[in-house]
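Engineer: Just dropping this structure here.
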Amino acid sequence: MFVKALRVGLGQLVIFIDFLTRPGKKKRPAAAQAQVDAAAKGLTLYQFHACPFCVKTRRALHRLNVPVALKDAKNNEQDRQTLLEQGGRIKVPCLRIEENGQTTWMYESKAIIDYLDKRFAAV
């Protein structure tokens, strides 16, 4: 019980620190932002709210100003089941990428952030 309380408390601390230190959003011309918004419609992030790696990934999304749908794989049983059945395992963060009629499930925060930087930083 103590370990769970400690984990919850640390999770809330991570979220609070993220709130205080969140980077500014990337500024783009309206046409470029519309292009990013359209491309982001094919992305979904499966995450736990207080997971440090998920926070890191959400910070990158915020910094790049990429509006991605967020799915709560911890508290929403349907999202959790989708992640397990379609992604293959319950591990977060996981970015679901739908493009050109294909779906890719990308795990690991570093790989996700590298993908986002390559795809959206230059836009």
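For what it's worth, UniProt numbering labels the leading residue of the sequence shown as 1, then goes sequentially.
Note that beta-carbon positions come from the ideal geometry of N, C-alpha and C, so glycine has one too.
Keep in mind it's a predicted model, so treat the numbers as computed, not measured.
Where does E85 sit, in a helix, a strand or coil, going by DSSP?
Structural biologist: Locating residue 85 in the sequence shown gives position 85, where the first residue counts as 1. If DSSP states are grouped into helix, strand and coil, E85 belongs with the helices.
Engineer: Would you kindly check if the distance between the Cβ of F120 and the Cβ of V36 is under 8 Å?
Structural biologist: Position 36 of the sequence shown, counted from the first residue, corresponds to residue 36. Position 120 of the sequence shown, counted from the first residue, corresponds to residue 120. Yes, they are a contact pair.
Engineer: Could you tell me which residues DSSP puts in a beta bridge with R96?
Structural biologist: Sequence index remark: in the sequence shown, residue 96 carries index 96 (1-based). For R96, which the question treats as bridged, DSSP gives the partners T44, W105.
Engineer: Taking one C-beta from the stretch 82-96 and one from the stretch 40-56 each time, how about it: are there three or more such pairs within less than 8 Å?
Structural biologist: With the cut-off at 8 Å, the stretch 82-96 and the stretch 40-56 touch.
Engineer: How do the stretch 56-71 and the stretch 111-119 stand: do at least 3 beta-carbon pairs fall below 8 Å, yes or no?
Structural biologist: Yes: the two stretches touch, three or more of their Cβ pairs being nearer than 8 Å.
Engineer: Helix, strand or coil for residue 125 per DSSP?
Structural biologist: Residue 125 is absent from the model: the chain starts at 1 and stops at 123.
Engineer: Going by alpha carbons, who is nearest to G24 out of L61, N76, V92, G42?
Structural biologist: Residue numbering aside, residue 24 sits at position 24 when the sequence shown is read from its first letter. Nearest option by C-alpha distance: L61.
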